[in-house]
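K.L.:
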Amino acid sequence: MKELTTYYTNKNILFKEIKQILPKELDSRKKIDIYAATTIDSKFYAIFIVDSKSRFIRKNADDLMELCEKLTSYLDHNFKKKELLISSPLCSKAKEYLKQNDWSVRVDFM
7 MKELTTYYTN KNILFKEIKQ ILPKELDSRK KIDIYAATTI DSKFYAIFIV
57 DSKSRFIRKN ADDLMELCEK LTSYLDHNFK KKELLISSPL CSKAKEYLKQ
107 NDWSVRVDFM
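By my numbering, the letter at position 71 of the sequence shown is numbered 77, and the numbering carries on one by one without gaps.
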């Protein structure tokens, strides 16, 4: 959590509340960190952190979007900003697909 707040503080984004949601709560077995956060100017972020050794491909992007929909219904809130923080290799088609669906992909985390 400290790395996350430091990362966003360096990007001049300050959160007043960050809540971690376990994948188990969303009926998922994926190894992913999920956060719901609120900035001080009331923008709502859904933050997904993926750290794996294998390449993140288009199928993973579909799974991620499905997980975000579950998060939306679980918290009963529609998020303004959806972000993927990733340290593993990323397929260009998956990145483009996420960007077309209003996702922000950041590969400079960690």
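For every residue, glycine included, the Cβ atom is placed at its ideal position computed from N, Cα and C.
The model shown is predicted, which means the values in this text are computed figures rather than measured ones.
How many Å lie between residue 36 and residue 19 at the Cα?
P.N.:
Residue 36 sits at position 30 when you count from the first residue of the sequence shown. Residue 19 sits at position 13 when you count from the first residue of the sequence shown. Near 27 Å, if we compare the C-alpha coordinates of residue 19 and residue 36.
K.L.:
Kindly indicate which three-state DSSP category residue 112 falls into: helix, strand or coil?
P.N.:
As a first step, residue 112 must be located in the sequence shown, where it is residue number 106. In the structure shown, residue 112 sits in a strand (DSSP, three-state: E or B).
K.L.:
For residue 57, which three-state DSSP category applies?
P.N.:
Sequence index remark: in the sequence shown, residue 57 carries index 51 (1-based). Here residue 57 sits in coil by DSSP.
K.L.:
Please go through the same chain and pick out, in chain order, the residues whose beta-carbon is closer than 6 Å to the beta-carbon of residue 112, but skip the five residues on each side of it.
P.N.:
As a position in the sequence shown, residue 112 is number 106, starting the count at 1. These residues qualify, in order along the chain: 91.
K.L.:
Around the C-beta of residue 40, are 16 or more other C-beta atoms found within 10 angstroms, so that it is buried, or is it exposed?
P.N.:
Along the sequence shown, read from residue 1 onward, the residue named residue 40 stands at position 34. Counting Cβ neighbours within 10 Å, residue 40 comes out buried, since at least 16 surround it.
K.L.:
Taking its Cβ as the centre, do 16 or more other Cβ atoms sit within 10 Å of residue 84, making it buried, or is it exposed?
P.N.:
Numbered from 1 along the sequence shown, position 78 holds the residue referred to as residue 84. Flag for residue 84 reads exposed.
K.L.:
List the residues that DSSP assigns as beta-bridge partners of residue 44.
P.N.:
Start at 1 with the first residue of the sequence shown, and residue 44 comes out as number 38. Note: residue 44 sits in a beta bridge opposite 23 and 50.
K.L.:
What does DSSP give as the partner residue(s) for residue 89 in the beta ladder?
P.N.:
Here residue 89 refers to the residue found at position 83 of the sequence shown. DSSP, once it has assigned bridges, lists 53 and 110 as partnering residue 89.
K.L.:
Let me make sure I understand the geometry here. Which of 26, 57 and 13 has the alpha-carbon closest to that of residue 94?
P.N.:
For the purposes of this step, residue 94 is identified with residue 88 of the sequence shown, where counting begins at 1. Here the closest residue by C-alpha is 57.
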